[in-house]
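K.L.:
Before we start, here is the structure in question, set down as structure tokens.
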Amino acid sequence: MSKLPLLPHITVILMLLSSYFPLLVSSAKCHKDDKKALLKLFSRPEDLSWSSSTACCSWPGVICTSDTGRVISLDISSVNITGTISPSIGDLPLLFSIDIQYSASLTGTIPYSITKLPLTSLTIRFTSLSGPIPGFLGELKELTNLDLSGNLHTGPIPDSIASLPKLDRLTLFGNKLTGTIPPSLFRGLTSRNLLYLSDNLLTGEIPISLGDADLGYIYLAGNRFTGDASFLFSESKQANEIDLSRNQFEMDMSSLSFPQNLRLLDLSFNRIKGTIPASLARLNDLNSFNVSHNMLCGRIPTGAQMKSFDASCYQHNKCLCGTPLPSCHH
Numbered sequence: 031m032s033k034l035p036l037l038p039h040i041t042v043i044l045m046l047l048s049s050y051f052p053l054l055v056s057s058a059k060c061h062k063d064d065k066k067a068l069l070k071l072f073s074r075p076e077d078l079s080w081s082s083s084t085a086c087c088s089w090p091g092v093i094c095t096s097d098t099g100r101v102i103s104l105d106i107s108s109v110n111i112t113g114t115i116s117p118s119i120g121d122l123p124l125l126f127s128i129d130i131q132y133s134a135s136l137t138g139t140i141p142y143s144i145t146k147l148p149l150t151s152l153t154i155r156f157t158s159l160s161g162p163i164p165g166f167l168g169e170l171k172e173l174t175n176l177d178l179s180g181n182l183h184t185g186p187i188p189d190s191i192a193s194l195p196k197l198d199r200l201t202l203f204g205n206k207l208t209g210t211i212p213p214s215l216f217r218g219l220t221s222r223n224l225l226y227l228s229d230n231l232l233t234g235e236i237p238i239s240l241g242d243a244d245l246g247y248i249y250l251a252g253n254r255f256t257g258d259a260s261f262l263f264s265e266s267k268q269a270n271e272i273d274l275s276r277n278q279f280e281m282d283m284s285s286l287s288f289p290q291n292l293r294l295l296d297l298s299f300n301r302i303k304g305t306i307p308a309s310l311a312r313l314n315d316l317n318s319f320n321v322s323h324n325m326l327c328g329r330i331p332t333g334a335q336m337k338s339f340d341a342s343c344y345q346h347n348k349c350l351c352g353t354p355l356p357s358c359h360h
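Using my numbering, the first residue of the sequence shown is number 31, and each one after it goes up by one.
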């Protein structure tokens, strides 16, 4: 039987292979300068299964461009990295994303050489990095996401970071940060995504710029904030979750209106007075709510999701009443 009819099919197969072959080859590429920098990056690269005998683009946690084999992202989680981050990190010129998590043996500080990188996202969380958050991170003008949570950082939030022009997500919870929130944070910006500063030692009043930024997620719990935070609340805002619990905020809850898409509201353990507005009962998405340990009075509104919140969400107030607390007598 003639095999000539198979030739068109073979041609198609070869064309397909030729189109994919460069990608297959390039995935194994590894720029020699990037490889050199990576092997210096941590004290024990072998802990990450990084070996000089293999291409760095095949190493766990290393992501490269498909055409040139240049390193563009590091994504390292739950590896016990020993020692500190080497200044060689600055020798990865195309690196735009760093994500290092759950490495208790990673110590020291972030090296200044990181400012040479075109970073848009920097995440180093749940490690033993310590000392002040470096002010030079403010030189990373393209940064949209900064997450240094769950470390051992101390000192204030640097003004230079608060002034980053494109910062959309700032996550610093679970450190030992002190001082106030810089007034420049998110100033002049609208529709920011996330501010997560819970469980630090921060003090003072929160800046009005946080209200102007119209944040989607606000977590300030477990600090020592004071003053009136009512400017965070409005029907026109986009917030989905607001947690101001375990602070010393003083405001009149009666005057608050709430974002229509609000899912979580925790104001517990503050010094909030007034009554719970009936408008809360019209929030169909509200699934987590707590105003316990405040100075609230009056009848608890009913309707929508309110029936799903038990007495613990209202306990230790001045004179709240109605379901799920005892009935009102007036």
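We put the beta carbon where it would ideally sit given N, CA and C, even for glycine.
Over the uninterrupted alpha helix (DSSP H) stretch that includes Ser-108, give me the two end residues.
P.N.:
Looking up residue 108 in the sequence shown gives position 78. First-last for Ser-108: undefined, no H or E at that position.
K.L.:
Could you say if the segment 348-358 and the segment 323-339 meet the contact criterion of at least three C-beta pairs nearer than 8 angstroms?
P.N.:
Contact between the segment 348-358 and the segment 323-339 is present, because at least three Cβ pairs lie under 8 angstroms.
K.L.:
Once the 5 residues before and after Gly-20 are set aside, which same chain residues still bring their CB inside 7 angstroms of it?
P.N.:
Outside the displayed span of the chain (31 to 360) sits residue 20, for which this structure offers no information.
K.L.:
Identify which residue in Ala-251, Arg-74, Phe-339, Val-101 has its Cα closest to the Cα of Cys-87.
P.N.:
Here residue 87 refers to the residue found at position 57 of the sequence shown. For the residues Ala-251, Arg-74, Phe-339, Val-101, the minimum Cα distance to Cys-87 belongs to Val-101.
K.L.:
Assuming contact is defined by CB atoms lying nearer than 8 angstroms, are Ile-106 and Asp-129 in contact in what I supplied?
P.N.:
Walking along the sequence shown from the start, residue 106 turns up at place 76. Walking along the sequence shown from the start, residue 129 turns up at place 99. Contact flag set, yes.
K.L.:
Identify the continuous alpha helix (DSSP H) that holds Asp-64 and give its terminal residues.
P.N.:
For the purposes of this step, residue 64 is identified with residue 34 of the sequence shown, where counting begins at 1. Taken as a continuous stretch (DSSP letters only), the alpha helix (DSSP H) holding Asp-64 covers 62-71.
K.L.:
Can you tell me where the beta strand (DSSP E) with Leu-240 in it begins and where it stops?
P.N.:
In the sequence shown, residue 240 corresponds to position 210, counting from 1. Looking at the DSSP string, Leu-240 is not in any beta strand (DSSP E); the run it does join, the alpha helix (DSSP H), is 239-242.
K.L.:
Please look up how many angstroms separate the CB atoms of Ala-251 and Ser-287, rounded, as I've assumed it's under 8 angstroms.
P.N.:
Reading the sequence shown from its first residue, position 221 is the one you call residue 251. Reading the sequence shown from its first residue, position 257 is the one you call residue 287. Going by Cβ atoms, the distance from Ala-251 to Ser-287 rounds to 22 angstroms, so no, they are not a contact pair.
K.L.:
Would you call the CB atoms of Gly-202 and Leu-173 closer than 8 angstroms?
P.N.:
Indexing the sequence shown from 1 puts residue 202 at position 172. Indexing the sequence shown from 1 puts residue 173 at position 143. Just to set this straight, residue 202 is Leu in the shown sequence, not Gly. No; because the gap between Cβ atoms is not below 8 angstroms, this pair is not in contact.
K.L.:
Alpha carbon to alpha carbon, how far is Arg-301 from Ser-190? Give it in angstroms, no decimals.
P.N.:
The sequence position of residue 190 within the sequence shown is 160, counting from 1. The sequence position of residue 301 within the sequence shown is 271, counting from 1. Approximately 32 angstroms between the Cα atoms of the pair.
K.L.:
Taking only runs that begin and end inside the segment 119-205, name each unbroken beta strand (DSSP E) of 3 or more residues, in chain order.
P.N.:
If we require 3 residues or more, the beta strand (DSSP E) runs fully inside the segment 119-205 come out as 127-133, 151-157, 160-162, 175-177, 182-185, 199-201.
K.L.:
Do Thr-305 and Ser-322 have their CB atoms nearer than 8 angstroms?
P.N.:
For this step, residue 305 is matched to residue 275 along the sequence shown. For this step, residue 322 is matched to residue 292 along the sequence shown. No, Cβ-Cβ distance for Thr-305 and Ser-322 is not below 8 angstroms.
K.L.:
Would you mind listing the beta strand (DSSP E) stretches within the segment 254-291 that are 3+ residues and don't spill past its ends, in chain order?
P.N.:
Complete beta strand (DSSP E) runs here, min 3: 254-257, 271-273.
K.L.:
Give the secondary structure of Ser-81 by DSSP, where H, G and I count as helix, E and B as strand, and everything else as coil.
P.N.:
To locate residue 81, count along the sequence shown from 1; it is residue 51. If DSSP states are grouped into helix, strand and coil, Ser-81 belongs with coil.
K.L.:
Give me the residue from Thr-145, Ile-140, Thr-233, Leu-294 with the minimum Cα distance to Asn-253.
P.N.:
Within the sequence shown, numbered from 1, the residue matching residue 253 stands at position 223. For the residues Thr-145, Ile-140, Thr-233, Leu-294, the minimum Cα distance to Asn-253 belongs to Thr-233.
K.L.:
Buried or exposed: which applies to Asn-110, given that a residue is buried once 16 or more other Cβ atoms fall within 10 Å of its Cβ?
P.N.:
As a first step, residue 110 is located in the sequence shown; it is residue number 80 there, counting from the start. Exposed, since its Cβ has fewer than 16 Cβ neighbours within 10 Å.
K.L.:
Which residues mark the beginning and the end of the beta strand (DSSP E) in which Tyr-344 is found?
P.N.:
Numbered from its first residue, the sequence shown carries residue 344 at position 314. Careful: Tyr-344 lies outside any beta strand (DSSP E) and carries neither H nor E.
K.L.:
Given that a residue counts as buried once 16 or more other Cβ atoms are within 10 Å of its Cβ, and exposed if not, what is Asp-121?
P.N.:
As a position in the sequence shown, residue 121 is number 91, starting the count at 1. Classification of Asp-121: buried, given that the 10 Å Cβ count is 16 or more.
K.L.:
If I follow the unbroken beta strand (DSSP E) through Met-325, where does it start and stop?
P.N.:
Residue 325 sits at position 295 when you count from the first residue of the sequence shown. Met-325 -> beta strand (DSSP E) spans 325-329.
K.L.:
Leu-350 by DSSP, collapsed to three states: which one?
P.N.:
Taking the sequence shown and counting its residues from 1, one reaches residue 350 at position 320. In this structure, Leu-350 counts as strand in the three-state DSSP scheme.
K.L.:
Do Ser-221 and Asp-244 come within 8 angstroms of each other at the CB atom, strictly closer than that value?
P.N.:
Translated into the one-based positions of the sequence shown, residue 244 becomes position 214. Translated into the one-based positions of the sequence shown, residue 221 becomes position 191. Against a cut-off of 8 angstroms, the Cβ pair of Ser-221 and Asp-244 comes out as a contact.
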